[in-house]
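Structure record follows, encoded as structure tokens.
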Amino acid sequence: MNGWFRHKEKIEILQERFIYLMRKSYELALRDKEKSDKTNEEACSIKKELNKLRTEHYSH
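Following this line, the structure appears as structure tokens:
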């Protein structure tokens, strides 16, 4: 029950956003390639930021 009110770390928030954008990109690819590509680019930039945060987190 304590997990309900737990503050999410930035890494968790970015992971959820990345997953959401990748799903959205896949769904958009069926209808609109340009929007899908744009969404995919945004997801890739989030993935780069995630990797950066993970390396910082594990190096400490």
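Whatever position you read off the sequence shown (first residue = 1), add 772 for this note's numbering. Don't be surprised by glycine CBs; every beta carbon is placed ideally from N, CA and C. In this text the structure is predicted, and so the values were computed from the model without any measurement.
Using a C-beta cut-off of 8 Å, the segment 810-822 makes contact with the segment 781-798, since at least three inter-stretch Cβ pairs fall below that distance. Looking at the backbone, the Cα of leucine 800 and that of leucine 786 are separated by about 21 Å. Distance from the CA of serine 808 to the CA of leucine 802, rounded to the nearest whole angstrom, comes to 9 Å. Look at arginine 789 here: in three-state DSSP terms it is helix.
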